[in-house]
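Take a look at the structure set out below.
Here is the structure:
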């Protein structure tokens, strides 16, 4: 039966406590235990062997269990496919996994950063072979990160990387099971280190004007082009890396549905995206493109926003914010960096009462929680109007007759409502089965006398609050939307 324990050995010390030889004058024996655990088990040949294990008892037990399982496979003659891989240097597996990520079409940056994080995990866990990776070692590693002040997002990134690597190892028959499947996810909502905010309409206008007036280029991108970049980011929600890949061929400005196309290779979700453009921006982009094409000597598609600015997008934004007298970090510690422009886009959709499902599609998010939770920043002034639907219950006592709260008028309103229901019930043809028994002459004197209403009379609302029309939305009645089409509303800024 497999056994695990520390070794006990004897050393001799002199009167001063220092180690001496056994036959030294005054030598006394003193027992010690080894720092590492050792395990005994039967190998593939059936012989009992001793192996050196981890200094952590839980990790040592898992190491011994893997050795026992491997020996059982060999004795049964099956020799599991994973056996040889477990002894292969971990660096070889990581290199193969890196090639796998690149072959899937992931961006070079993603592959490089993922491989770098896995390499750091390997070093921290002191894992030389694939068999050295186990849940206990990884748990110790996460606890060390947490103790060092790492954020929940950093911990989740490490979890995601190693979990995906384990899944790939199972898929390629390198591991019999994914040992990291059981690692729970950290709650990022309670440990968010970077809180973003959105700006008001005037602040956004000042920011764009400041960039347009700037004579200082940033990593190859001049001021007027930055101003157009900011407007495109605000009106589409595209990310910095996606915007950097756009060319003149990416813009489809003709027709009734102008849009910008992000190729699948550059989209975060790895699919071609056609992001609609509001009319006001399509017109600006057309004029801007005409100027760029007039200055260009090449007919080939040109990058809209050239340069290496995506690597320092937040840094690029700061001088323009300063010129517009807008703080990068507000009093609450929230920042307005380049990615906050995407937050601005999604928050604008919410403020314009765009349905959550459409907002999720425009944001290109995998879940509605991400759209409404992390990316929507409605302030008190934006939602205060919603409270107008909450009325004063005490007021109903003063308007009982008008609202149908006293017995007499309530029965009348009930008859009124019934008449409206009858007036909207579709008439069925007399087919011999039901006949005309269910049909009512809504405008006959008898019906009007009994129900108190004719079908052509408009019914008054009833209830605690004044009624609200329930017909098709009238966007012209909304001041911020007046004069705009539905597609234009995606480009609205938050109102002051």
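In UniProt numbering, the protein residues as written are 1 to 496.
Quick reminder that beta carbons are idealized off the backbone N, C-alpha and C, glycines included.
Just so it is clear, the structure is predicted and the values come from calculations on it, not from any experiment.
- Contiguous alpha helix (DSSP H) elements confined to the stretch 236 to 265 occur at 240 to 244, taking only those with 4 or more residues.
- Straight through space, the alpha carbons of residue 167 and residue 177 are spaced by roughly 8 Å.
- Residues of the same chain with a CB within less than 6 Å of the CB of residue 68, apart from the 5 flanking positions on each side, are 2, 41 in chain order.
- A distance below 8 Å separates the beta carbons of residue 324 and residue 210.
- Inter-residue distance for residue 145 and residue 182 is about 18 Å (C-alpha atoms, whole angstroms).
- For the pair of segments examined, the stretch 87 to 105 was found not to touch the stretch 27 to 39: the number of CB pairs separated by less than 8 Å stays below three.
- For residue 37, the enclosing beta strand (DSSP E) stretches over residues 28 to 42.
- Its Cα nearest to that of residue 107, the residue 245 stands out among 317, 214, 245, 165.
- Listed in chain order, the non-local C-beta contacts of residue 329 below 7 Å within the same chain comprise 335, local neighbours out to five positions each way being set aside.
- One Cα belongs to residue 22, the other to residue 32, and the distance between them is close to 15 Å.
- In the assembly as shown, residue 116 is an exposed residue. Its beta-carbon has fewer than 16 other beta-carbons within 10 Å.
- Residue environment analysis places residue 162 among the buried positions, since at least 16 neighbouring C-beta atoms fall within 10 angstroms of its C-beta.
- Approximately 16 Å separates the beta-carbon atoms of residue 90 and residue 136; this is outside 8 Å, ruling out the contact.
- Secondary structure of residue 208 (DSSP, three-state): helix.
- DSSP, read as helix, strand or coil, puts residue 328 in coil.
- Approximately 16 Å separates the beta-carbon atoms of residue 236 and residue 198; this is outside 8 Å, ruling out the contact.
- Residue 319 and residue 213 have their C-alpha atoms roughly 12 Å apart.
- Spanning the alpha carbons of residue 314 and residue 154 requires a straight line of approximately 20 Å.
- For residue 28, the CB contacts under 7 Å within the same chain, skipping 5 residues up- and downstream, are 12, 13 in chain order.
- Considering only 228, 25, 45, 118, the residue with the shortest C-alpha distance to residue 72 is 45.
- Residue pairing for residue 12: DSSP places it in a beta bridge opposite 29.
- Closest option to residue 264, judged by alpha-carbon separation, among 365, 257, 274, 255: 274.
- Contact between residue 86 and residue 130 holds: their C-beta atoms lie close to 5 Å from each other, under 8 Å.
- If you ignore the 5 residues before and after residue 220, its C-beta comes within less than 8 Å of the C-beta of 306, 307, 308, 309, all in its own chain and listed in chain order.
- For residue 275, no alpha helix (DSSP H) segment is defined; the enclosing uninterrupted segment is the beta strand (DSSP E) at 273 to 276.
- Annotation: residue 293 to residue 231 spans about 20 Å, alpha carbon to alpha carbon.
- Of the residues assessed, residue 19 falls on the exposed side of the cut-off, its CB having fewer than 16 other CB atoms within 10 angstroms.
- The C-beta distance from residue 285 to residue 253 rounds to 6 Å, short enough to fall under 8 Å.
- Nearest neighbour of residue 62 by Cα position, chosen from 179, 282, 113, turns out to be 179.
- Per DSSP, reduced to three states, the secondary structure at residue 232 is helical.
- One thing to note: residue 233 has its Cβ no nearer than 8 Å to the Cβ of residue 258.
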